[in-house]
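**Q**
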């Protein structure tokens, strides 16, 4: 507009602009209990020495996620027994070189209670494509420690962090069960 009512500017002063923007979805994290190794317990009940297998799945957003890592913190009473598998969608890449290298360099610290995977910079090149995931499967053992009494609840938390996002989740809680000794006297 010119400010002159006789010549308001007409089409020469119609300003139009267009742009597009896209926003990547944040990462998601899920953790499930796949099962335990003893048939004499059921559901989420576990005994001393029993193992529980967990699966953690990270859905990696499109684009670049620098300084990415997964940390899984187990409570007192559980410890990592084995890291069973790490798989990634074929389109994902890591600055570490390969996901096999990420698996080989996984750290188990704090007496088996902290499991960490350093993914370096993750890249998901698919724009608006299908979900790209990293799946980790590991086994934990229920320890014979004084804190594991009958009825003790064991909950563990996983966190995925990168320079751009942090997400956290917990697995279903395990409940420690112990045998009850009954003494019967016969006379």
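Residue numbers (our numbering): 16 to 202.
All residues carry an ideal CB built from backbone N, CA and C; glycine is no exception.
Note that the structure is predicted; figures quoted are calculated from it, not measured.
(1) Only counting runs of 3 or more residues, tell me where the beta strand (DSSP E) segments fall wholly within the region 47-81, in order along the chain.
(2) First and last residue of the beta strand (DSSP E) that includes residue 142?
(3) Which ranges does the alpha helix (DSSP H) cover as unbroken runs of at least 4 residues, wholly within the region 117-182, from first to last along the chain?
(4) CB-CB under 6 Å to residue 187, same chain, minus the five flanking residues each way: which ones, in chain order?
(5) Since residue 99 is in the beta strand (DSSP E), which residue starts that stretch and which ends it?
(6) DSSP has residue 191 in a bridge; who is on the other side?
(7) From this set, 121, 65 and 91, which residue's C-alpha is nearest residue 287's C-alpha?
(8) Applying the criterion that 16 or more other CB atoms from any shown protein chain within 10 Å of the CB defines a buried residue, is residue 192 buried or exposed?
(9) Which residues does DSSP list as the beta-bridge partners of residue 85?
(10) How would you call residue 163, buried or exposed, if buried means at least 16 neighbouring beta carbons within 10 angstroms?
(11) Assuming residue 114 contacts residue 103 under a Cβ cut-off of 8 Å, what Cβ separation, rounded to an integer in Å, is found between them?
(12) Hey, would you say residue 70 sits closer than 8 Å to residue 150, going by beta carbons?
(13) Report the option in 45, 111, 77 and 85 whose CA atom is closest to the CA atom of residue 144.
**A** Concretely, from the data shown:
(1) 66-75
(2) Position 127 of the chain shown, counting from 1, holds the residue named residue 142. Per DSSP, residue 142 lies in no beta strand (DSSP E) segment and is marked neither H nor E.
(3) none
(4) As a working note, residue 187 is residue 172 in the chain shown. Same-chain partners within the cutoff: 48 and 59.
(5) Residue 99 sits at position 84 when you count from the first residue of the chain shown. Note, residue 99: beta strand (DSSP E), 93-103.
(6) What you label residue 191 is simply residue 176 of the chain shown in a count that begins at 1. Note: residue 191 sits in a beta bridge opposite 61.
(7) One cannot answer for residue 287 here, as it falls past the ends of the chain, which runs 16 to 202.
(8) Position 177 of the chain shown, counted from the start, is the residue given in the question as residue 192. The residue is buried, with at least 16 neighbouring Cβ atoms inside 10 Å.
(9) Here residue 85 refers to the residue found at position 70 when the chain shown is read from its first residue. For residue 85, which the question treats as bridged, DSSP gives the partners 132 and 175.
(10) Residue 163 sits at position 148 when you count from the first residue of the chain shown. When all chains shown are included, residue 163 counts as buried.
(11) What you label residue 114 is simply residue 99 of the chain shown in a count that begins at 1. What you label residue 103 is simply residue 88 of the chain shown in a count that begins at 1. So it is a contact: roughly 5 Å between Cβ atoms.
(12) The residue you call residue 70 lines up with position 55 of the chain shown. The residue you call residue 150 lines up with position 135 of the chain shown. The answer is yes: Cβ separation under 8 Å.
(13) Numbered from 1 along the chain shown, position 129 holds the residue referred to as residue 144. For residue 144, the nearest C-alpha among the options comes from 77.
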